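Residue numbers for the sequence shown follow the numbering used here, so the first one is 426 and each next one is one higher. Just so you know, even glycine gets a beta-carbon here, dropped at the ideal spot from N, CA and C. Predicted model, so just to flag it, every value in this text is computed and none were measured.
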Amino acid sequence: MAPLTAEIGETQLDVIVADITTLDVDAIVNAANTSLLGGGGVDGAIHRAAGPELLAECETLGGCPTGAAKITRGYRLKARHVIHAVGPVWHGGGSNKETLLAGCYRTALDLAAAQRLTSIAFPAISTGVYRFPADLAARIAVGTVTAEVAAHPRGMKRVIFCCFSEASAEHHKAAFGDLGLV
Ligand code: APR
């Protein structure tokens with residue numbers, strides 16, 4: 426798939442297909458659960474790649490509510506930090522689920538800005554085990570991040586939507602197209 430690149434002000438936004446644990450960015454975002462104590466999917470991959478010190482730090486955080494996020498160091502990852510976001514579980518709809526998912530992206534950007542980070546990579550939060558429809562989730566992800574970056578650039582230079590399949594990437598690219606950004 427041809428990666429997609431868009432610019433909003435000083436911020437470059439990319440849609441790629443890759444393993445997020447391989448990315449050399451200031452922060453990668455984890456699709457975690459409220460315990461923050463690891464799991465499967467991208468959560469499992471990030472903990473495996475970061476090593477046991479990541480879990481040890483997570484154990485000090487006291488969990489995290491759905492729709493929010495907490496930041497740790499990245500340890501053995503190339504990424505300097507991991508932002509653990511807790512997405513909503515899809516039970517068939519409900520606007521609060523969309524609000525909670527948007528909150529994951531917004532909070533992650535706020536946490537990155539607070540640490541003056543300038544590059545961040547997101548997985549497609551909630552679209553695996555949490556069964557959020559991939560097309561709707563991509564629209565929420567791209568819509569939230571582009572609106573936030575346009576309104577408050579936060580000094581962010583690079584935002585990567587790190588998809589794990591071509592289909593997921595196509596949903597994100599379509600969302601950019603729907604917003605007239607490409
Ligand atoms: N790099 C990038 N994306 C990945 C990777 C990876 N290495 N591994 C999986 N993904 C993608 C999945 O394909 C999916 O599109 O991340 C997206 C999110 O899927 P999940 O990891 O299943 O996360 P989520 O749906 O948010 O469910 C969270 O699953 O692993 C548990 O502890 C986690 O309880 C939490 C729940």
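Label residue i either buried or exposed according to how many other C-beta atoms from any shown protein chain fall within 10 Å of its C-beta, with 16 as the threshold for buried.
i, result
"K503", "exposed"
"H577", "exposed"
"K598", "buried"
"R531", "buried"
Which of helix, strand or coil does DSSP assign to residue i?
i, result
"V454", "strand"
"I565", "helix"
"D439", "strand"
"E484", "coil"
"L429", "strand"
"C529", "helix"
"V467", "helix"
Is residue i near ligand 2, judged by its Cβ being under 8 Å from some heavy atom?
i, result
"P558", "As far as ligands go, the structure on display features ligand 1 and does not contain ligand 2."
In whole angstroms, give me the CA-to-CA distance for residue i and residue j.
i, j, result
"D444", "D468", "12 Å"
Give the single residue among the options whose Cα lies nearest to the Cα of residue i.
i, options, result
"S593", "A572, L480, V574, A563", "A563"
"Y500", "E523, D535, T446", "T446"
When you measure from the CB of residue i to every non-hydrogen atom of ligand 1, does any distance come out below 8 Å?
i, result
"T446", "yes"
"Y530", "no"
"F589", "yes"
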